[in-house]
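Top line first, the protein sequences correspond to chains U and S.
Residue 1 is where the first sequence starts when you use our numbering, and the numbers rise one by one after that.
Residue 199 is where the second sequence starts when you use our numbering, and the numbers rise one by one after that.
For every residue, glycine included, the Cβ atom is placed at its ideal position computed from N, Cα and C.
Note that the structure is predicted; figures quoted are calculated from it, not measured.
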Amino acid sequence: MNRKLLLISVFFLSNCSIVSYSEVIPLAKLAIIGADDIEITSEVIEAKKFSFAKVKIGRSAIAIFSLVKIDQNGSYMWISGEGEILTTFNGKIIKLQNSLFNTEFISFSDFNLDNIKDGDEIQYDVMLYNPQAFVTQDASIQSFSTNNNLRIIESVKTNGFKWSYQNEYLYNDRMRAIYARQIIHPKVPEIEINFYYK
Amino acid sequence: MKLSMRSNLLILFIFSASLQGSLNDYVYPRNLVPSFSNYGTTGVIQTPNARFHEAGTLAFSWSANDPYMRGSILAYPFSWFEASYQYTDIDNALYSNVEAFSGDQTYKDKSFDVKFLLWNETKFLPSVAIGARDIGGTGVFSSEFIVGSKRFNNIDLSIGLGWGMLSDNKFRNPLEIFSDRFKERERELSAGGGEFNTGTWFSGPTGGFASFQYTIPNFKGIRFSAEYDSTDYDLEGFPDGRNSFKFAFEPVRRPTSNINYGLMFPVNNSLQLKLGYMKGNTISFGFSLHANLGKQNPIFKKNDPPRPVPQKERVRMVNRQDASLYRTSLRLTNERGLFYQHGHIHEDDSTYEVTFAQAKFTSFARSTGRLIRVLDDISPEKIKTFKVNNINGGLGMYSLTIDRDEFARYKEENLYKLATKNVKLEPYHYSKNKNDYNFNPQAEYPVNYQKLTPILRTQLGGPDGFFFADLRIAYKSEFLISQKLSIYTDMSMGIFDNLGELKLLSDSIIPHVRTDIVKYLKATRQKPYIKRIQMNYYHELSENIYSKLAGGIFEDMFIGLGGEILYRPYAKNFGIGAEIWGVQQRDFRMLFGTRDYKINTGHINIYLKEPTSQVLVQIKGGRFLAGDSGIQLDFSRRFKSGLRIGAFATKTDISDLEFGEGSFDKGFYFYIPIESFFQKYMKGNTGWGLRPLTRDGAAVLQHQMPLWGVTEQGQRDVFDRDWDDFYE
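Below is the structure:
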């Protein structure tokens, strides 16, 4: 959610005599402080029937996505309570659906943990929506192994316009993504994901 | 998978040209979003261009450039029309030379600007617009212009002709060939303002201006602007200090250059920041906010989906008994904010008729669709048709009949056009005879809906100060005695205010029905006051004829009794009504006391609606609160979200002298649906009305819930507008 729009809303509503301030205060808090974190305790993990992911988008949105499908190509599909769908491949978001700014990676299979190594260069074809554009990205990979964990830093450059950023992925000893921090659309803030598997 | 990827790539290749085009949206983000000039309206730095925001956009723009500081509110009722209202603080003049009257407050100028799009940009032709600045003000900024704008990728070029203040590089007015009236332009500063100086429009010498805006690639959409400025700074404002205006105290810095430069940074889709260097010696800066509040869900995506009925197969089985179906319907619809009033299974045993009322959804197509969803979930197989009736204030609104199979068939895919193709929508004449229904749940009257909420009373732009505010805590309630009889209460207690400095007293020579506002405000400082205790009784006299009786405290300044009648034929785009009120002026303390002034006021009201554009024209003719008689014209447009933007003008039989400054009443307003600011649906509006001056002439009684609004929800054009909400 756009924080500035939230602040404007609060400003508008200060003149609105119909709305109770009990409805306005949470909006103001969301705009100024950001969304409340969702604490994932062992009880929460225990209570969940399926694997899930805690997804934090910028400061003002935080949600739980549940795993709904694992595809044969190794991609995982996650869905939020509000219907947004994330598809990940080795922790990398390759598709975002039902969001204001959707994204789809047309090519992503090179981000394969079996083959990937430090210094690799990968090219992605990406479809961005709102506005719609097809872009090609060049990514350089740095990988670090520590305590049976694998950490990958992906430095991404976009051809055609100035959009560069770094993504980070962390994998456990079973090579499953446990954490990712990544950018997928110029208009979406950085997305942080903690994965929990059942 | 590989095939699929190849086909995707093939499609991408085929459409690569258009995709490359859209890549520009990332290289030059928000390139097409118009910027705002220092005059508040769309333009470059000082000069206007032919760009417009989308219909339904509201904007606020603020700028500062010595000696001016300007705040503007803009509205776009159409994509071809921009209207704005400005407050300009002129820093080289005082409001008056009487310290006791206005202290050291600097001069404040109010003005209206308008701009019309003549034609849109094509591949070869530019957009062309015509406009005027300061049309209803004092004339210190009055100018007219015609301007063309043509875009070449990330460069937007504009060139135009200006009159009045926009004619520094004077050349002969090309309009002289039509009339000698265009030869000379008399500059007559109106002392008070509020009058339309039409006689001078497009007259006098002409000036030429030009500008370009260049969006810097890959630089967050930042635009560099340069313009040739034709503003005549020897005329604008009070250029020579006291020689120009008796309250001015210093001259304005004269330009050393006609070329202005600027940068504009679109921070996001709504906020723009700007910085400029103008006249060769003056820095300007400012910001603007804009949003299209007319489109559906303009700010937040809604998160208030229909709640499906759990275990519906089981519920349907249980509901094979009619009594069970009625009770389940009552419970489940009420839980969803749809208040079940009556239920009736027809003799054919296949039509289930339900009468309901609701105050949650702005869209009645949505509320009706949600009600039918519930009925479809819980009704046994024998029910083949749903007939849904809606009432408001005890008045029958509409009746909608739909085939159950058709409703269910298109539900999942949201094919509302197919689902509503065979819907029967007709007027509903509400019968209170309980024998007409099989199931009449006992409503527990009286019902009281109440809330405590902070409110802010404001007073803007007076001589004694620019902004006065009164923060209060308000109690509001809607007390339903029966379906048709209700009492609306609105009272508040002051907490904090800065009204102490208010001292402007009325100079009106007709009854002070509005201009004693300062006395009302000051008498209720940090004290409780009653804004409204209004009792309403609604009744449908016969087919298409609605009536309302109301009494009590109607508004801040009047108490009384009266009524309204409206003839509004169903599925027609007009209505004719009449209202008459016997009212007495309230005491300044705003409790139950009254003053001596009494009047009978009333109007004949004519409503004309254009259903496609949702433009409503209201003509109100009759006797106004100060005893003056005349006509009010009100034009407004309603957008999909519920946003309404409108303007009004009223001329009555009092003289210009009796009316005072401004000579006739006019202003513009907008109402924004509250649900725009939330993820949940809710009814109600928050709004602003702007009029240049508060005068006593042409004042209308502000009674709550007029019949046109009450009967709006059942109209066919309202459903035609909102069918897309049917399954949402």
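Beta-carbon proximity check, residue i vs residue j, cutoff 7 Å
{"i": "residue 799(S)", "j": "residue 731(S)", "result": "no"}
{"i": "residue 183(U)", "j": "residue 165(U)", "result": "yes"}
{"i": "residue 105(U)", "j": "residue 94(U)", "result": "yes"}
{"i": "residue 524(S)", "j": "residue 532(S)", "result": "no"}
{"i": "residue 243(S)", "j": "residue 458(S)", "result": "yes"}
{"i": "residue 362(S)", "j": "residue 377(S)", "result": "no"}
{"i": "residue 560(S)", "j": "residue 881(S)", "result": "yes"}
{"i": "residue 407(S)", "j": "residue 295(S)", "result": "no"}
{"i": "residue 167(S)", "j": "residue 489(S)", "result": "This structure gives no information on residue 167(S), because the portion of chain S shown stretches from 199 to 926."}
{"i": "residue 54(U)", "j": "residue 79(U)", "result": "no"}
{"i": "residue 517(S)", "j": "residue 576(S)", "result": "yes"}
For residue j and residue i, the rounded distance between their alpha carbons
{"i": "residue 151(U)", "j": "residue 142(U)", "result": "8 Å"}
{"i": "residue 500(S)", "j": "residue 601(S)", "result": "28 Å"}
{"i": "residue 400(S)", "j": "residue 373(S)", "result": "8 Å"}
{"i": "residue 839(S)", "j": "residue 473(S)", "result": "34 Å"}
{"i": "residue 323(S)", "j": "residue 273(S)", "result": "26 Å"}
{"i": "residue 163(U)", "j": "residue 428(S)", "result": "40 Å"}
{"i": "residue 389(S)", "j": "residue 336(S)", "result": "Confidence at residue 389(S) is low in this model, with a pLDDT of 48, below 50, so the placement of that residue should be treated as unreliable; the coordinate-derived value is given next. The straight-line gap from Cα to Cα measures roughly 6 Å."}
{"i": "residue 21(U)", "j": "residue 441(S)", "result": "A caution first: residue 21(U) carries a pLDDT of 45, below 50, which makes its placement in the model unreliable, though a value can still be read off. Answer to the nearest angstrom: the Cα atoms are 52 Å apart."}
{"i": "residue 493(S)", "j": "residue 876(S)", "result": "15 Å"}
{"i": "residue 651(S)", "j": "residue 68(U)", "result": "43 Å"}
{"i": "residue 330(S)", "j": "residue 98(U)", "result": "44 Å"}
{"i": "residue 41(U)", "j": "residue 91(U)", "result": "21 Å"}
{"i": "residue 720(S)", "j": "residue 697(S)", "result": "7 Å"}
{"i": "residue 623(S)", "j": "residue 599(S)", "result": "7 Å"}
{"i": "residue 873(S)", "j": "residue 555(S)", "result": "19 Å"}
{"i": "residue 654(S)", "j": "residue 566(S)", "result": "35 Å"}
{"i": "residue 326(S)", "j": "residue 849(S)", "result": "33 Å"}
Residue nearest to residue i in terms of C-alpha spacing, selected from the options
{"i": "residue 878(S)", "options": "231(S), 611(S), 564(S), 346(S)", "result": "564(S)"}
{"i": "residue 657(S)", "options": "906(S), 269(S), 891(S)", "result": "891(S)"}
{"i": "residue 679(S)", "options": "723(S), 735(S), 409(S)", "result": "735(S)"}
{"i": "residue 914(S)", "options": "571(S), 596(S), 434(S), 420(S)", "result": "596(S)"}
{"i": "residue 659(S)", "options": "224(S), 308(S), 593(S), 573(S)", "result": "308(S)"}
{"i": "residue 904(S)", "options": "854(S), 855(S), 749(S), 827(S)", "result": "749(S)"}
{"i": "residue 930(S)", "options": "581(S), 450(S), 529(S), 621(S)", "result": "Residue 930(S) is absent from the model: chain S starts at 199 and stops at 926."}
{"i": "residue 356(S)", "options": "423(S), 414(S), 381(S)", "result": "423(S)"}
{"i": "residue 58(U)", "options": "196(U), 186(U), 197(U)", "result": "186(U)"}
{"i": "residue 540(S)", "options": "483(S), 631(S), 576(S)", "result": "631(S)"}
{"i": "residue 865(S)", "options": "773(S), 856(S), 639(S), 844(S)", "result": "844(S)"}
{"i": "residue 716(S)", "options": "667(S), 677(S), 759(S), 674(S)", "result": "667(S)"}
{"i": "residue 144(U)", "options": "133(U), 131(U), 171(U)", "result": "171(U)"}
{"i": "residue 169(U)", "options": "181(U), 61(U), 128(U), 161(U)", "result": "181(U)"}
{"i": "residue 886(S)", "options": "821(S), 380(S), 453(S), 257(S)", "result": "257(S)"}
{"i": "residue 832(S)", "options": "813(S), 820(S), 502(S), 826(S)", "result": "813(S)"}
{"i": "residue 508(S)", "options": "530(S), 522(S), 521(S)", "result": "530(S)"}
Range of the contiguous beta strand (DSSP E) that encloses residue i
{"i": "residue 329(S)", "result": "325 to 331"}
{"i": "residue 125(U)", "result": "121 to 128"}
{"i": "residue 614(S)", "result": "First-last for residue 614(S): 614 to 617, but that is the alpha helix (DSSP H), not the beta strand (DSSP E)."}
{"i": "residue 146(U)", "result": "133 to 146"}
{"i": "residue 422(S)", "result": "421 to 426"}
{"i": "residue 563(S)", "result": "Where residue 563(S) is concerned, there is no enclosing beta strand (DSSP E), although the alpha helix (DSSP H) it sits in stretches over 562 to 576."}
{"i": "residue 731(S)", "result": "726 to 740"}
Extent of the continuous alpha helix (DSSP H) to which residue i belongs
{"i": "residue 40(U)", "result": "From DSSP, residue 40(U) is part of no alpha helix (DSSP H); its letter is neither H nor E."}
{"i": "residue 51(U)", "result": "Run containing residue 51(U): none; DSSP gives neither H nor E here."}
{"i": "residue 175(U)", "result": "It is not in any alpha helix (DSSP H) - residue 175(U) carries neither H nor E in the DSSP assignment."}
{"i": "residue 855(S)", "result": "854 to 857"}
{"i": "residue 650(S)", "result": "Not the alpha helix (DSSP H): residue 650(S) falls in the beta strand (DSSP E), residues 645 to 660."}
_Positions along the region 324 to 342 of chain S whose CB lies within less than 9 Å of some CB in chain U_ = Answer in chain order: no residues at all.
*Along the region 217 to 243 of chain S, what residues have a CB closer than 7 Å to any CB found in chain U?*
Considering only beta carbons, the part of the region 217 to 243 of chain S lying closer than 7 Å to chain U consists of 217, 220, 221, 223, 224, 225, in chain order.
*What residues from the region 159 to 170 of chain U come within 9 Å of chain S, judged by C-beta to C-beta, listed N to C?*
Residues 160, 161, 162, 163.
*Under 8 Å (Cβ pairs) to chain S, residues found in the region 171 to 193 of chain U*: Against chain S - using a Cβ distance shorter than 8 Å - the residues of the region 171 to 193 of chain U are 186.
*Identify each residue in the region 113 to 139 of chain U for which the Cβ-Cβ distance to at least one residue of chain S is less than 8 Å, and report them in chain order.*
Answer in chain order: 125, 127, 128, 131, 132, 133, 134, 135.
_Along the region 412 to 440 of chain S, where does the CB come closer than 7 Å to a CB of chain U? Name the residues._
Listed in sequence order: 416.
*Between the region 51 to 82 of chain U and chain S, which residues of the former have a C-beta closer than 7 Å to a C-beta of the latter?*
Listed by position, the residues of the region 51 to 82 of chain U near chain S (Cβ gap below 7 Å) are 73, 82.
*If you measure beta-carbon to beta-carbon, which residues of the region 495 to 516 of chain S are closer than 9 Å to chain U?*
The residues in question are 497, 498, 499, 501, 503.
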